[in-house]
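A.B. asks:
There are 2 protein chains.
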Amino acid sequence: MNEKTYPFAPCAPVGKPVDLSHHFNAAVRSRTPNPLKSLYKYFQVPGMSNIAGGMPHASTFPFDHFSAQIAPPDRLINSEFHGIAPHTVRSFFSRTAKPKTDHIKVPKSDADHATDAKIDIETALQYGRGTGLPVLVDFLREFTFEHMLQGELAYDEKQADIILTCGNTDAIAKVIGAIGTRGDTMLVEEFCYTPAVQAVAPYGIKSQAVKMDQFGMVTEGKGGLRDVLENWDPKRGRRPHFMYTVPVGHNPTGATLKDDRRREIYDLCEKFDIIIIEDSPYWHLQFSDASHNLPSKNDAKYPFLAALEKSFLTIDKSGRVIRLDTFSKTIAPGCRLGWITTQKKIVDGVLIAATESSTQQPSGFVQAMVSELLCRSWGMDGWVQWLENLHGVYEERMRLMATTLSAGREVLTITSNASEDFEKVDKTAVYEFKIPDGGMFVWVHVLITEHPAYKEYLARGNTKSEMMEKLWDWVALTQKSLPSPGSIFAGDQDGVSRACEHFRLCFAAIEITEVEDATARWVKGVHRFWLLEAEEIERIGADASTVRKSKRLVGAGGGWGGFHGGKGRLDVQFDHLHI
Amino acid sequence: MNEKTYPFAPCAPVGKPVDLSHHFNAAVRSRTPNPLKSLYKYFQVPGMSNIAGGMPHASTFPFDHFSAQIAPPDRLINSEFHGIAPHTVRSFFSRTAKPKTDHIKVPKSDADHATDAKIDIETALQYGRGTGLPVLVDFLREFTFEHMLQGELAYDEKQADIILTCGNTDAIAKVIGAIGTRGDTMLVEEFCYTPAVQAVAPYGIKSQAVKMDQFGMVTEGKGGLRDVLENWDPKRGRRPHFMYTVPVGHNPTGATLKDDRRREIYDLCEKFDIIIIEDSPYWHLQFSDASHNLPSKNDAKYPFLAALEKSFLTIDKSGRVIRLDTFSKTIAPGCRLGWITTQKKIVDGVLIAATESSTQQPSGFVQAMVSELLCRSWGMDGWVQWLENLHGVYEERMRLMATTLSAGREVLTITSNASEDFEKVDKTAVYEFKIPDGGMFVWVHVLITEHPAYKEYLARGNTKSEMMEKLWDWVALTQKSLPSPGSIFAGDQDGVSRACEHFRLCFAAIEITEVEDATARWVKGVHRFWLLEAEEIERIGADASTVRKSKRLVGAGGGWGGFHGGKGRLDVQFDHLHI
Chain L
1 MNEKTYPFAP CAPVGKPVDL SHHFNAAVRS RTPNPLKSLY KYFQVPGMSN IAGGMPHAST
61 FPFDHFSAQI APPDRLINSE FHGIAPHTVR SFFSRTAKPK TDHIKVPKSD ADHATDAKID
121 IETALQYGRG TGLPVLVDFL REFTFEHMLQ GELAYDEKQA DIILTCGNTD AIAKVIGAIG
181 TRGDTMLVEE FCYTPAVQAV APYGIKSQAV KMDQFGMVTE GKGGLRDVLE NWDPKRGRRP
241 HFMYTVPVGH NPTGATLKDD RRREIYDLCE KFDIIIIEDS PYWHLQFSDA SHNLPSKNDA
301 KYPFLAALEK SFLTIDKSGR VIRLDTFSKT IAPGCRLGWI TTQKKIVDGV LIAATESSTQ
361 QPSGFVQAMV SELLCRSWGM DGWVQWLENL HGVYEERMRL MATTLSAGRE VLTITSNASE
421 DFEKVDKTAV YEFKIPDGGM FVWVHVLITE HPAYKEYLAR GNTKSEMMEK LWDWVALTQK
481 SLPSPGSIFA GDQDGVSRAC EHFRLCFAAI EITEVEDATA RWVKGVHRFW LLEAEEIERI
541 GADASTVRKS KRLVGAGGGW GGFHGGKGRL DVQFDHLHI
Chain P
580 MNEKTYPFAP CAPVGKPVDL SHHFNAAVRS RTPNPLKSLY KYFQVPGMSN IAGGMPHAST
640 FPFDHFSAQI APPDRLINSE FHGIAPHTVR SFFSRTAKPK TDHIKVPKSD ADHATDAKID
700 IETALQYGRG TGLPVLVDFL REFTFEHMLQ GELAYDEKQA DIILTCGNTD AIAKVIGAIG
760 TRGDTMLVEE FCYTPAVQAV APYGIKSQAV KMDQFGMVTE GKGGLRDVLE NWDPKRGRRP
820 HFMYTVPVGH NPTGATLKDD RRREIYDLCE KFDIIIIEDS PYWHLQFSDA SHNLPSKNDA
880 KYPFLAALEK SFLTIDKSGR VIRLDTFSKT IAPGCRLGWI TTQKKIVDGV LIAATESSTQ
940 QPSGFVQAMV SELLCRSWGM DGWVQWLENL HGVYEERMRL MATTLSAGRE VLTITSNASE
1000 DFEKVDKTAV YEFKIPDGGM FVWVHVLITE HPAYKEYLAR GNTKSEMMEK LWDWVALTQK
1060 SLPSPGSIFA GDQDGVSRAC EHFRLCFAAI EITEVEDATA RWVKGVHRFW LLEAEEIERI
1120 GADASTVRKS KRLVGAGGGW GGFHGGKGRL DVQFDHLHI
């Protein structure tokens, strides 16, 4: 490799992350030290009457204690996932009428534990630390460093820290809000979790997509990370100095970075001095071989975790990775609770101030309840068992959807020609997809340019994007199956044309009993759409009921008979969409 | 009045707020419409299989139900506050061993209520609306418009709306983050809640203090609001176009705006087209006569609320007021839950987007529990009773502190003169204060420039500010009583010299049994400080134990005997200070 080293890429001493303060924006650099710090020196003096803090008295909190009925960690499946054929795996709820339960209680005052281990109303409902309830922070520190990273943080663990957040959207706002400056460009995947792009765009931060393959961002070739960085046109502003990426169970594609690629990306980020914002809500949902073949490294305490693809933090010798984790996909989205792991200087110097001047701390209600669940009831063993079983629940759903999609990839069309007395049979692929390596989605590429009426439809003055919108409307109207249009996942404006050829199908949110059916109806809708003529396509939505259904359709492959459009139902009112 | 009308101050049609979009910054103006909105059209179609949203399935939430033991609304005092002498008022906890309790439960699935009235795990722990759980939003809408504002919103109620926040610090970040632009100047009180100033300063937003009197901001005279605005020097940048104010139970001064002043301030804001950010965490804690003299308007459903000073919203004919309310001082700070009330266009066009791109929604744990408490258990009657009784609890504390402070305003010093055989007795006021009209604080002005050693101390090269710091150290070290130094409440840099002559004493956070004692120790410390010489003052902190205690001190006035420094204790570990 004939690469010059850029002068601004700092060299890391072993075990110590480098100073990355030059990445942070004017707002961070102009923050003044908290003037209250000077008061702290007297806080721990025994007998000190604190009439300084503006806090209400805990006796006026109307909550005496919280309690909850919870799942034991083995509820979702009471056996090992490994070795069980996916189709036989059922969530606990679908197998028994009465799920196993445990109970937790958050008392008014936790006299049994030292200050930093307390989980009680008096502590959780009072103003608290910006970093979070100490007992929960300690649990997450152990989980992150010892089990998620398997003790392989690339720099001295004492130089790293975690801070709680109100979920990853909050984390993204805080992190990019501290790094980004008007005129900056953020690196993202070609198809990406666009809410992150939309959240920062109003602040003048553009996005630059990096080409993807089935594993995630590519480093080499046209549009790959190296190309984007080496050939950056300074007229477009400062070369990107930070990247936002979802490296595992990627949303929307399901791609999961493997070791080699992860290292190639990191090395380029090192060379070009780029901060990596690693958003990993689906880390525990890896469906690749790795999560089924137990590793040779048999000394791991939790083989399930040890087998998963690792975080960028394990190769982050410079401390340029800011990792975002969330409870949204492991406990519940409504927690609005997650955590950031990065070098301690960034936590102390940037993230605590960002937290104290906005959210202050996640709600004490969720901090206390989740602490009680994890730190007292489940413990680390229970938490890891829960993650493993949850993984099984979603893998089953994924396989149900993927099997149905596989069976329906091709459509058979039979064209009668009465005058010549023969039937012409065509077998045409209508879409392609890859079984996702992780996450909650299947990313389906519709071969729309192969549609028999594609040229005619465009010749009539329409666009490919409009044709895909018509397909989306058509399936929703006639089959009542509603995926996400791919166009909303374009990493930048240039990518819309490619993104719009896709749909993202989520197997997580609907009832498990509905997964095959909803998928099959979607497939049926696509097949029928393939038989429509340009003029019929134009009329979709305008008056859907009049669309002619006279073409003969032959099901391609079996296994998804029993369409019963309208029988499936919305169990939750999705009046708010989270993508 | 010979005032010209500024062309940019829009004229409000009756009942309809004006368009204030010109106040919002580039980030707000460049937000693009949510691309997902197009999906919503199919969400409510019966039988639609939603495979679009990226949401986990509710059966994987490990919480089956929450429950809590709560206070009934009459716990704090089981009788009317009015007519009871303050000193006889005791919180429930101090009067009986076993407080009265009720119970609430948040079920997994609330089948008994329509979608918008549901309080359950499935709804609260899923992704939800940016505005908040509908049932809680409805309750707060009724509370705000009908009872807080007594139906007197100055424009059509249909043009107003509320949105939940993660508390007022979050609200301040969202609101000022949408209004402020680098180079702007924000109007604040001369002494103010400085975290609001510190939160926005890094974004290049300066503050301009407006002079205060005992009621709050003054409009006339040098340094008053009119002077600041009419004589604004354009070299300092754009004239302020927004104001941050705590108009009731002001932090730190306790001042509460009365009708006339409120209207004068509003009229000036109208004339100069200024947005008013009305932060009112202490609205229910008003200790002025108003809250004890029931109003003549006897038709009010809740006389306690009807008697309180009103919000700016009641005179806000243009819709330029953005009011911030919080549960921090009525339920608990750890809720991280509050709400914003303003014109609907600002909620819909600004605040929902600011929420969806940061916190998304307050935690479902607190939304569900507070909803169950307010909407199901207490109801509006219970909630208002709770507020009234809470008011009684804090008023008692305030009066205990104020009485102790009153008694100790003066120090008697006796100077012996052996050669002339007489004793000279001086009676000197050492501080002054006003009984607060509301809130949680007493703002004490120490007459430091009257200190016998003041001139000598300054002549030795020290500053007034340093002398006040020494006083603060002295009282903490010798009396173990720790108020907030006034300097941290200076609204702008020019105000530090005046602010530093004050201390803010909080009567809310410590045990009620400690209020008199902690205050008396503070008074004793000040008195003893008055007897120190300049050189002794310089040595404070350097070696506190060596400070000479040979001067004779005579207590001024009685009633706070029984000093027992060291007996009071910290019941909560204040390792994080909220001011």
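Those protein sequences? They're chains L and P, same order as listed. Using my numbering, the first residue of the first sequence is number 1, and each one after it goes up by one. Using my numbering, the first residue of the second sequence is number 580, and each one after it goes up by one. The beta carbon of each residue, even a glycine, is placed where N, CA and C say it ideally should be. Values in this document were obtained by computation on a predicted structure and should not be read as measured data.
Which of the three DSSP states, helix, strand or coil, is assigned to glutamine 69 of chain L?
C.D. replies: Looking at glutamine 69 of chain L - three-state DSSP - the assignment turns out to be strand.
A.B. asks: Beta-carbon of methionine 55 of chain L versus every beta-carbon of chain P: anything under 7 Å?
C.D. replies: So yes, methionine 55 of chain L belongs to the interface.
A.B. asks: Among L:Arg238, L:Ile205, L:Glu264, which one has its Cα closest to the Cα of glycine 224 of chain L?
C.D. replies: Minimum Cα distance to glycine 224 of chain L is reached at L:Glu264.
A.B. asks: If you count every other CB in all the chains shown that lies within 10 Å of the CB of proline 596 of chain P, and 16 or more means buried, which is it?
C.D. replies: So proline 596 of chain P counts as buried.
A.B. asks: Once you ignore the five residues that flank arginine 29 of chain L on each side, which residues in its own chain have a CB closer than 8 Å to its CB?
C.D. replies: Here the set comprises Ser21.
A.B. asks: Counting only Cβ-Cβ distances shorter than 9 Å, please list the residues of the stretch 1089-1122 of chain P near chain L, keeping chain order.
C.D. replies: Correct list: Ile1089, Glu1090, Ile1091, Glu1093, Val1094, Asp1096, Ala1097, Thr1098, Arg1100, Trp1101.
A.B. asks: Suppose you measure from the CA of isoleucine 104 of chain L to the CA of glutamine 367 of chain L; what does that come to, to the nearest Å?
C.D. replies: Cα-Cα distance, rounded: 13 Å.
A.B. asks: Tell me which residues share the same chain as threonine 144 of chain L and place their Cβ nearer than 7 Å to its Cβ, disregarding the 5 neighbours each side in the sequence.
C.D. replies: Within the same chain, threonine 144 of chain L has close Cβ partners Ile162, Thr341.
A.B. asks: Between the alpha carbons of glycine 15 of chain L and phenylalanine 312 of chain L, how many angstroms are there, rounded?
C.D. replies: Those two C-alpha atoms are separated by around 16 Å.
A.B. asks: What are the partner residues of isoleucine 352 of chain L, as DSSP defines its beta bridges?
C.D. replies: The partner list for isoleucine 352 of chain L (beta bridge, DSSP) is empty, contrary to what the question assumes.
A.B. asks: Which residues in the same chain as tyrosine 585 of chain P place their Cβ atom closer than 7 Å to its Cβ, once the five residues preceding and following it in sequence are excluded?
C.D. replies: Here tyrosine 585 of chain P scores only 46 on pLDDT, less than 50, and its place in the model should not be relied on; the value that follows carries that caveat. If we look at tyrosine 585 of chain P and ignore the five residues flanking it on each side, its Cβ neighbours are Lys850, Phe851, Asp852.
A.B. asks: When burial is assigned at 16 or more other CB atoms within 10 Å of the CB, is proline 46 of chain L buried or exposed?
C.D. replies: Exposed.
A.B. asks: Please check if any C-beta of chain L sits within less than 7 Å of the C-beta of methionine 1019 of chain P.
C.D. replies: True, the Cβ-Cβ gap to chain L drops below 7 Å.
A.B. asks: DSSP puts aspartate 792 of chain P in a beta bridge; with which residues?
C.D. replies: Paired residue(s): P:Gly795.
A.B. asks: Per DSSP, methionine 48 of chain L forms a beta bridge with which residues?
C.D. replies: None; methionine 48 of chain L has no bridge partner.
A.B. asks: Measuring CA to CA, which of L:Gly438, L:Asp19, L:Ser487, L:Trp283 is closest to threonine 330 of chain L?
C.D. replies: That would be L:Trp283, whose Cα lies nearest to the Cα of threonine 330 of chain L.
A.B. asks: What are the boundary residues of the alpha helix (DSSP H) that methionine 977 of chain P is part of?
C.D. replies: Where methionine 977 of chain P is concerned, the enclosing alpha helix (DSSP H) stretches over 958-986.
A.B. asks: Quick check on aspartate 74 of chain L: does DSSP put it in helix, strand or coil?
C.D. replies: Coil, per DSSP.
A.B. asks: Can you name the residues of chain P whose CB is closer than 7 Å to the CB of lysine 16 of chain L?
C.D. replies: What lysine 16 of chain L touches in chain P: nothing, since even the nearest Cβ is about 28 Å away.
A.B. asks: Kindly provide the ranges of any alpha helix (DSSP H) runs that are 4 or more residues long and lie completely inside the stretch 137-217 of chain L, ordered along the chain.
C.D. replies: Those alpha helix (DSSP H) runs which fall completely within the stretch 137-217 of chain L and span 4+ residues are 168-179, 194-200.
A.B. asks: If you count every other CB in all the chains shown that lies within 10 Å of the CB of glycine 730 of chain P, and 16 or more means buried, which is it?
C.D. replies: Classification for glycine 730 of chain P: exposed.
A.B. asks: Determine, using beta carbons only, whether leucine 482 of chain L comes closer than 7 Å to chain P.
C.D. replies: Yes, leucine 482 of chain L lies at the interface with chain P (some Cβ there is under 7 Å from its Cβ).
A.B. asks: Per DSSP, what are the beta-bridge partners of arginine 902 of chain P in this structure?
C.D. replies: DSSP, once it has assigned bridges, lists P:Glu857, P:Thr920 as partnering arginine 902 of chain P.
A.B. asks: I'd like the list of long-range same chain contacts for arginine 805 of chain P, defined as Cβ closer than 8 Å, with 5 residues on each side in sequence excluded.
C.D. replies: Here the set comprises Thr798, Glu799, Leu847.
A.B. asks: Measuring only the C-alpha atoms, how far is valine 496 of chain L from leucine 505 of chain L?
C.D. replies: When rounded, the distance between both Cα atoms is 18 Å.
A.B. asks: Give a yes or no on whether the minimum CB-CB distance between glycine 943 of chain P and chain L is below 7 Å.
C.D. replies: Yes, glycine 943 of chain P lies at the interface with chain L (some Cβ there is under 7 Å from its Cβ).
A.B. asks: Output needed for tryptophan 918 of chain P: all residues of its chain with C-beta closer than 7 Å, excluding positions within five of it in sequence on either side, in chain order.
C.D. replies: For tryptophan 918 of chain P, where only same-chain residues beyond five positions count, the Cβ hits under 7 Å are Leu719, Ile741, Ile742, Leu743, Thr744, Asp904.
A.B. asks: Output the residue ranges of the alpha helix (DSSP H) runs that lie fully inside the stretch 1043-1125 of chain P and measure 4 residues or longer, sorted by chain position.
C.D. replies: The stretch 1043-1125 of chain P contains these whole alpha helix (DSSP H) runs: 1043-1058, 1075-1078, 1091-1108, 1113-1118.
A.B. asks: Consider the Cβ of glutamine 208 of chain L: report whether some Cβ of chain P lies at a distance smaller than 7 Å.
C.D. replies: With 7 Å as the cut-off, glutamine 208 of chain L does not count as an interface residue toward chain P.
A.B. asks: Determine the DSSP secondary structure at alanine 85 of chain L, reduced to helix, strand or coil.
C.D. replies: Bear in mind that a pLDDT of 40 at alanine 85 of chain L, under 50, signals an unreliable position, so the model cannot answer this.
A.B. asks: What separation, rounded to the nearest whole angstrom, lies between the Cα atoms of aspartate 763 of chain P and proline 774 of chain P?
C.D. replies: Computed Cα separation, rounded: 17 Å.
A.B. asks: For the stretch 332-343 of chain L, which residues have a beta carbon sitting closer than 9 Å to at least one beta carbon of chain P?
C.D. replies: Cβ contacts with chain P come from Ala332, Pro333, Gly334, Cys335, Arg336, Leu337.
A.B. asks: So which residues of chain L does histidine 1157 of chain P contact, with C-beta pairs closer than 7 Å?
C.D. replies: Gly53, Gly54, Met55, Tyr127, listed in chain order.
A.B. asks: Going by C-alpha to C-alpha distance, which of P:Gly783, P:Asp735, P:Phe640 sits closest to isoleucine 758 of chain P?
C.D. replies: Here the closest residue by C-alpha is P:Gly783.
A.B. asks: Along the chain, where does the beta strand (DSSP E) that runs through isoleucine 104 of chain L open and close?
C.D. replies: Isoleucine 104 of chain L -> beta strand (DSSP E) spans 102-106.
A.B. asks: Got a sec? Which residues, its chain only, sit under 6 Å from aspartate 426 of chain L by beta carbon, not counting five neighbours each side?
C.D. replies: The answer, listed in chain order, is Thr413.
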